[in-house]
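Going down the list, the sequences are from chains A and B. Mind the numbering: the first sequence is residues 1 to 484 in the working numbering, read in order. Mind the numbering: the second sequence is residues 1 to 478 in the working numbering, read in order. We treat Cβ as the ideally placed atom computed from N, Cα and C, and that holds for glycine. Single-structure report; data block below.
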Amino acid sequence: MHDQTIARLSAGLAAGEFSSEELTRVFLDRIERFNPGLNAFITVTEESALAQARAADQRRRRGEAGPLTGVPIAQKDIFCTDGVRTSCGSRMLDRFIAPYNATVVEKLNAAGAVMLGKTNMDEFAMGSSNETSFYGPVRNPWDLDAVPGGSSGGSAAAVAARLTPGATGTDTGGSIRQPAALCGITGIKPTYGRVSRWGMIAYASSLDQGGPMARTAEDCAWLLGTMAGFDPRDSTSADRPVPDYAAALDRPLEGLKIGLPEEYFGEGLDSAVARAVDAAIAEYRTLGAKILEVSLPNSRLAVPAYYVIAPAECSSNLARFDGVRYGHRCEQPKDLLDLYTRSRAEGFGAEVTRRILVGTFALSAGYYDAYYLKAQQIRRLISDDFQRAFEQVDLIAGPTSPTVAFNLGEKTDDPITMYLSDIYTIAVNLAGLPGLSLPVGFVGQRPAGLQLIGNYFAEDRLLNAAHRYQQATDWHARAPVAFA
Amino acid sequence: MEWETVIGLEIHAQLATNSKIFSGASTAYGAQPNTQACAIDLGLPGVLPVLNCEAARMAVIFGLAVDAGIARRSVFARKNYFYPDLPKGYQISQYELPIVHRGQLTIDLEGGATKVIGITRAHLEEDAGKSLHEDFQGSSGIDLNRAGTPLLEIVSEPDLRSAKEAVTYMKKLHQLVVYLGICDGNMQEGSFRCDANVSVRRQGDPKLGTRAEIKNLNSFRFVERAIEFEIERQIELIESGGKVAQETRLYDPDQGETRSMRGKEEANDYRYFPDPDLLPLLIDEAFIATVRDSLPELPDAKKQRFITQYGLSSYDAAVLTTSRALGDYYEATVAALGGEPKLCANWVMGDLSALLNKDNRDIADSPVSPAQLAGLLRRIQDRTISGKIAKDVFEALWAGEGETDAIIERRGLKQITDTSAIEQVIDEVIAANPEQLAQYRAGKDKLFAFFVGQVMKASKGKANPQQVNESLERKLKN
């Protein structure tokens, strides 16, 4: 059962081949067995999972089941879950029990999905390797010496290792797509505003977006259809109907125009990854797509602009973690300043501290125009680049990340190299566009991913293009041997 | 050396919305600490603000009332600083693009002159919570009930030239926001408070002096005293060779002085930037037109109308337009009586206001309705009772003893207008006071009043005063 997709499990539940309780136990057993080696979960909610599973089975008996009813999933530990620890991968929130559910959690609960637990992540979603987590790094199921990517590394590893058929992630600069690529699974970052941010702990509010991670585009379609939608509690939420993503999956790709940005295939791209991406492009040609060259001339500015905007927003977003009302508080503060400084110094790890400092600097009087304002102008240029490209093509394709998964510890002392791991994904967040990563091959035993980028609210087209590819290939169906 | 004072005020008016500016929690005052703070007000992880449109509507009402520009697009910004009663570590405010632009307010100066005070801007923001520094065994308590309460910060131009002008402006603004129904104006509860920027310069100097900002003044008296103290302090300082420091000061009402709170060097760098959780606030023409149509007649316009329509003095018109309810009451009384606007004004401003004050009641809760007051005045008009007797009837009305006519009937207060009856009383009074009569006839005119008094006393105040005058005059001469 554990090697099945959500689509297949959903059909099995509907046909009565197994109950949700049985299915949930399968995954809980696997988590118990494999998680100690992977560290993909921070919290396993065994009891409530079984209760949800039994409730789902009853719901099915009443004839009220939907496609996700009884299907186990995992929640990234950035989503607030009522009554369950919501740590955001940080010591700061190690003992924080959220008193309410994020909209994404609420929606998946309402659909009858069963939450197995909360997945590991880079602290406050700041990282590209899952090594900044207070709970320790996650290991890549394909190679335990390798990182799973980040920040949604726990979700990616859990899906790849078949500890859950699907999971939620969040993506601020590539945090769904990059770990999806490095773990050989499928993940989609929707258009900014498509999925509510209510209850999703903010890193960089203007860039953060939740999305699903699963083995196939079809599974992502099912999950996204449930997660997406207007939420009056999020002022940046898009008030437009959610299309039936699953219904659009089989659309033929004849005449689909895919653009390859020259900037995504230049220096820095690992040649083996490039070969896997080229092969995938060739497959798309076979499927009837028309391949064109496009240019995104301001791409090189994306990483620097991102590392001004995201830290600036995070420096403000993380100010609430002050030790006053909740979260970590230092022992015996001698005065207010001591309470603030020690609580925060003890509660935050090095990368979070670095970004808060950078952001505080960038917003300071005398620097604001040179950094924050300039970065916002660059952001505009980057959006304009994409809009020009989308006048010529329907989708843009390229590598998700310049390399396959790197080794644990390999880049922890060199933040700049680490930041470049997101060089192809960051621009998509800056522009607010939807992006999807799907597995398209291996370099050695480590997976490589293809990124597809669509215009605003073109999630249906992205999922469709990924699904057709997955109908013709089997990269997505491969399992890491140790977890098969 | 002649000194000129330059003052600008930043006034925080709490908007009278039911719920907070970015959350659904109640804004009611006086609840148990932290019972009116929801997840958003507490700044829990993952929460997001959603603008309360009513707060924006009220800001637009204010803008239109002071003839200001309304921004078609305004932006909420984060003002970042750490304080225990600021749950998110930033205050959501408006910075570069406020909702209300340049406007103006005309104030009345002593001696009948007026002065136009520029309003630089008004912007929406959320209030912080409250730190309680007593009764916590050396720690401080935090009450977040007030956190997220909507405020309109109204910034004036440095057009004010004295503490008196500043208070006049502040009172006028206070009257206006209460009149518009966008602020309850309760200063004890902090619904209307002010920061004053004060500087002095030598008469004729085009350059502004260095200013000190006096924070959080919550009464008109404190504003006046704090500014007066500050002016004196600055002049003395400069005259003794010192320099005014740009700083924030606090007014201590017990000592009657301002004290330095923090200097410019210690001033926070608030690192303002647009709040990414909130979209720019877009206001279209149609919305502005709707608000404009819903605006009540403004106090200044109403005052002018009262002068022309009712022939009132400028003073009476000003008093009767201090609040919407008072003006409405007055007009309802005139309408019910069908005229006599001056008589109505005297009664509303006199006996009615006196009893309202005495019982500490709002005009909206007046036990005497405009129709009842008009009923009373009608009896003065038709000479059923005298003005003096009417005061007693009014008090009976106030006490709920029934309608005017019933009270007059029951108490036998009906005015005596029968000439023969009056003359009979006069004859008796004259007969009883031969000595005074002799003196009067000898030329002591002042004794006329004595006789009037005696006649009124003998008639228990019911004799028609005018008839008493006429008859008495005639009879005393003979």
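Residue i classed as buried or exposed, judged by whether at least 16 other C-beta atoms fall within 10 angstroms
{"i": "serine 128 of chain A", "result": "buried"}
{"i": "glutamine 424 of chain B", "result": "exposed"}
{"i": "isoleucine 453 of chain A", "result": "buried"}
{"i": "histidine 328 of chain A", "result": "buried"}
{"i": "histidine 133 of chain B", "result": "exposed"}
{"i": "glycine 150 of chain A", "result": "buried"}
{"i": "arginine 197 of chain A", "result": "buried"}
{"i": "glutamine 392 of chain A", "result": "exposed"}
{"i": "aspartate 338 of chain A", "result": "exposed"}
{"i": "valine 66 of chain B", "result": "buried"}
For residue j and residue i, believed in contact at Cβ under 8 Å, the rounded distance
{"i": "leucine 182 of chain A", "j": "alanine 202 of chain A", "result": "That belief does not hold up - the Cβ atoms of leucine 182 of chain A and alanine 202 of chain A are roughly 25 Å apart, past 8 Å."}
{"i": "serine 343 of chain A", "j": "cysteine 330 of chain A", "result": "5 Å"}
{"i": "alanine 332 of chain B", "j": "proline 370 of chain B", "result": "4 Å"}
{"i": "proline 148 of chain A", "j": "valine 277 of chain A", "result": "Incorrect: roughly 20 Å between the Cβ atoms, too far for contact."}
{"i": "leucine 160 of chain B", "j": "leucine 9 of chain B", "result": "7 Å"}
{"i": "arginine 72 of chain B", "j": "proline 98 of chain B", "result": "Rounded, the Cβ-Cβ distance is 12 Å, inconsistent with contact."}
{"i": "serine 206 of chain A", "j": "proline 280 of chain B", "result": "That pair is no contact at about 13 Å."}
{"i": "alanine 389 of chain A", "j": "leucine 296 of chain A", "result": "6 Å"}
Cβ of residue i within 8 Å of any chain A Cβ
{"i": "tyrosine 90 of chain B", "result": "yes"}
{"i": "proline 341 of chain B", "result": "no"}
{"i": "glycine 46 of chain B", "result": "yes"}
{"i": "glycine 43 of chain B", "result": "yes"}
{"i": "arginine 78 of chain B", "result": "yes"}
{"i": "proline 87 of chain B", "result": "yes"}
{"i": "alanine 56 of chain B", "result": "no"}
{"i": "alanine 39 of chain B", "result": "yes"}
{"i": "phenylalanine 136 of chain B", "result": "no"}
{"i": "phenylalanine 287 of chain B", "result": "no"}
{"i": "valine 50 of chain B", "result": "yes"}
Among the options, nearest to residue i - alpha-carbon criterion
{"i": "glutamine 104 of chain B", "options": "B/Gly69, B/Glu126, B/Asp135", "result": "B/Gly69"}
{"i": "leucine 343 of chain B", "options": "B/Ala325, B/Glu110, B/Asn357, B/Asp316", "result": "B/Asp316"}
{"i": "serine 93 of chain B", "options": "B/Pro49, B/Leu376, B/Pro367, B/Leu64", "result": "B/Pro49"}
{"i": "proline 402 of chain A", "options": "A/Ile382, A/Ser151, A/Glu263, A/Ala350", "result": "A/Glu263"}
{"i": "isoleucine 356 of chain A", "options": "A/Gly37, A/Arg320, A/Pro252", "result": "A/Arg320"}
{"i": "arginine 91 of chain A", "options": "A/Ala345, A/Val428, A/Arg468, A/Pro480", "result": "A/Ala345"}
{"i": "aspartate 460 of chain A", "options": "A/Ile188, A/Ala102, A/Met418, A/Lys334", "result": "A/Ile188"}
{"i": "aspartate 41 of chain B", "options": "B/Leu97, B/Glu54, B/Asp127, B/Cys53", "result": "B/Asp127"}
{"i": "valine 308 of chain A", "options": "A/Ala274, A/Gln376, A/Glu267", "result": "A/Gln376"}
{"i": "alanine 163 of chain B", "options": "B/Val6, B/Asp382, B/Leu413", "result": "B/Val6"}
{"i": "leucine 430 of chain A", "options": "A/Lys411, A/Tyr371, A/Val303", "result": "A/Val303"}
{"i": "alanine 158 of chain A", "options": "A/Thr186, A/Ala272, A/Phe134", "result": "A/Thr186"}
Neighbour flag for residue i against chain B, beta carbons, 8 Å
{"i": "threonine 132 of chain A", "result": "no"}
{"i": "arginine 320 of chain A", "result": "yes"}
{"i": "leucine 357 of chain A", "result": "no"}
{"i": "cysteine 88 of chain A", "result": "yes"}
{"i": "valine 324 of chain A", "result": "yes"}
{"i": "arginine 233 of chain A", "result": "yes"}
{"i": "alanine 302 of chain A", "result": "no"}
{"i": "arginine 197 of chain A", "result": "yes"}
{"i": "cysteine 314 of chain A", "result": "no"}
{"i": "methionine 227 of chain A", "result": "no"}
6 Å Cβ shell around residue i - same chain, five flanking residues per side excluded
{"i": "glutamate 4 of chain B", "result": "Arg201, Gln203"}
{"i": "valine 358 of chain A", "result": "Pro311"}
{"i": "threonine 191 of chain A", "result": "Pro434, Tyr456, Phe457"}
{"i": "isoleucine 407 of chain B", "result": "Val393, Ala396, Glu401"}
{"i": "proline 341 of chain B", "result": "Tyr310, Val334"}
{"i": "arginine 305 of chain B", "result": "none"}
Residues near residue i by beta carbon distance below 7 Å, same chain, minus five either side
{"i": "glutamate 46 of chain A", "result": "Leu28"}
{"i": "arginine 225 of chain B", "result": "Gly256"}
{"i": "valine 223 of chain B", "result": "Ala166, Val167, Met170, Cys194, Ala196, Leu217"}
{"i": "arginine 324 of chain B", "result": "Tyr179, Pro296"}
{"i": "alanine 59 of chain B", "result": "Ile99, Val100, Ala122, Leu124, Leu152"}
Cβ-based neighbour list, residue i, same chain, cut-off 8 Å, excluding 5 preceding and 5 following
{"i": "lysine 391 of chain B", "result": "Asp351"}
Exercise. For the stretch 260-276 of chain B, which residues have a beta carbon sitting closer than 7 Å to at least one beta carbon of chain C?
Worked result: Judged by its chain identifiers, the structure shown contains no chain C, and its protein chains are A and B.
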